[in-house]
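This report concerns only the one structure given below.
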Amino acid sequence: MEVHTDNLERHVTPRPKVTFPMLGAVQAHDAEVAAAGITTVLDAIGVGDPYGDGFRSRDQSALLEVLDTLEESGLLRADHLIHVRCELPAPNARELFAPFARHRRLRLISLMDHTPGQRQWTDIEHARIYYTGKKGWSDQQFEDEVRIAPLRQAEHAQPHRAWFTEFANTHGVALATHDDTTVAHVDEAHALGASMSEFPTTLAAARRAKALGLCTVAGAPNVIRGGSHSGNVSAMALAREGVLDALSSDYVPGSLLQSAWRLTQEGGFSLPEAMSVVSRNPARAVGLSDRGEIAAGLRGDLIRVKVLGDHPVVREGWVRGRRVV
Numbered sequence: 000m001e002v003h004t005d006n007l008e009r010h011v012t013p014r015p016k017v018t019f020p021m022l023g024a025v026q027a028h029d030a031e032v033a034a035a036g037i038t039t040v041l042d043a044i045g046v047g048d049p050y051g052d053g054f055r056s057r058d059q060s061a062l063l064e065v066l067d068t069l070e071e072s073g074l075l076r077a078d079h080l081i082h083v084r085c086e087l088p089a090p091n092a093r094e095l096f097a098p099f100a101r102h103r104r105l106r107l108i109s110l111m112d113h114t115p116g117q118r119q120w121t122d123i124e125h126a127r128i129y130y131t132g133k134k135g136w137s138d139q140q141f142e143d144e145v146r147i148a149p150l151r152q153a154e155h156a157q158p159h160r161a162w163f164t165e166f167a168n169t170h171g172v173a174l175a176t177h178d179d180t181t182v183a184h185v186d187e188a189h190a191l192g193a194s195m196s197e198f199p200t201t202l203a204a205a206r207r208a209k210a211l212g213l214c215t216v217a218g219a220p221n222v223i224r225g226g227s228h229s230g231n232v233s234a235m236a237l238a239r240e241g242v243l244d245a246l247s248s249d250y251v252p253g254s255l256l257q258s259a260w261r262l263t264q265e266g267g268f269s270l271p272e273a274m275s276v277v278s279r280n281p282a283r284a285v286g287l288s289d290r291g292e293i294a295a296g297l298r299g300d301l302i303r304v305k306v307l308g309d310h311p312v313v314r315e316g317w318v319r320g321r322r323v324v
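All residue numbers for the sequence shown refer to numbering that gives the first Met the number 0, where the first residue is 0 and numbers rise by one.
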């Protein structure tokens, strides 16, 4: 069960300023997640981009049409739902959300704010490495963003937070907050009605989320790499502390199953406990009670795994009892 992956975005835009046809991109993404043992995936689609030049600045109606067409043709391997990642300071966030608003696949909304200097980017130098490396910005472009971003945040973030929260609560869509850093961030998430705290950046935030009953989600790549790529709290530290509820493959689908094995080796988890972190727990957090475990009356979503050394390899997979791998 995958609740947050940017993998589709990588297939649609495999190189900077290069766009691949949506049908082929979705098929490639679908095959990759199924081969990784993921039977249900919430494709995480970012809406809101103040720069106007990337995947998250585009209308994604075509994605929904392609998913529906492939499903109707029986050509999807995994079950695809939608997680809309709302960039709160972006002026165009609500406009780009519109195609998803009444679609049956919408299952999760997350509230994001990537303003440099706070949350994930509390350390400005880590933010600089990301923007100049991944986005190819010059140092001057980054300095300009550091200056302008707080002004944009002040104008748009709070109204968007209120609007998306009301939409989620009114329409029964699960709500998550993103990159909670302080106890106050988690308290706000709880007050908004969020069920998940995605990628808390500190142990204090994760402890508070656990205490308030929010599902704490960390990155599986963080587990495999032994730490966060942006200098935040280690997912394994959260596991050992007893405040890790779920994992997400984030940007590497194959990391999800592998991270469950790593939890048994280094986190003190039994295999059933570790598998719940990548199956049952995230399913329940987004309101899916028909999957996530092997039990009478639930869906026939199963995988068969062969372990090579300490590395699990998916050999076969079934979704609703139909073999897909």
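We put the CB at the ideal spot given by N, CA and C, even for glycine.
Quick one: is residue i buried, meaning 16 or more other Cβ sit within 10 Å of its Cβ, or exposed?
i	result
R76	buried
S275	buried
Q139	exposed
S60	exposed
G73	exposed
G291	buried
R261	buried
G308	exposed
I37	buried
R283	buried
A238	buried
H79	buried
G253	buried
G286	exposed
S288	exposed
DSSP state of residue i, grouped into three classes?
i	result
G23	helix
R224	helix
E292	coil
D300	coil
D143	helix
M0	coil
R57	coil
L107	strand
D67	helix
L373	Because the chain here runs from 0 to 324, residue 373 falls outside it and cannot be looked at.
D29	helix
L75	coil
R160	helix
A100	coil
A167	helix
A148	helix
A35	coil
Contact check, residue i vs residue j under 8 Å by CB: the rounded distance?
i	j	result
P90	H28	Contact flag wrong, Cβ pair sits at about 29 Å.
Q114	P149	Correcting the residue type first, residue 114 is Thr in the shown sequence and not Gln. That belief holds up - the Cβ atoms of T114 and P149 are roughly 6 Å apart, short of 8 Å.
V83	V25	Not quite, the Cβ-Cβ distance comes to about 17 Å (not below 8 Å), so this is no contact.
A205	V232	7 Å
T39	D244	Their Cβ separation, rounded to whole angstroms, is 17 Å, which puts T39 and D244 out of contact at 8 Å.
D179	S194	About 13 Å; that fails the 8 Å criterion.
V185	A217	In fact, because the Cβ distance is near 14 Å, the residues do not count as touching under 8 Å.
V172	L256	Not confirmed; about 27 Å, so no contact.
R151	P88	5 Å
S109	T12	Actually they do not touch by this definition, with Cβ atoms about 20 Å apart.
What are the start and end residues of the alpha helix (DSSP H) that includes residue i?
i	result
L87	First-last for L87: undefined, no H or E at that position.
W260	S254 to E265
L237	A234 to E240
S275	L270 to V276
L246	Taken as a continuous stretch (DSSP letters only), L246 belongs to no alpha helix (DSSP H), being part of the beta strand (DSSP E) at A245 to S247.
H10	N6 to V11
Locate the beta strand (DSSP E) running through residue i, then write down its first and last residues.
i	result
D42	T39 to V46
V318	H310 to V318
R283	Segment R279 to A284 is the alpha helix (DSSP H) holding R283; no beta strand (DSSP E) there.
Q: Quick one: which unbroken beta strand (DSSP E) runs of 3-plus residues sit fully inside the stretch 175-224? Chain order, please.
A: Runs of the beta strand (DSSP E) inside the stretch 175-224: 195-197 and 214-218.
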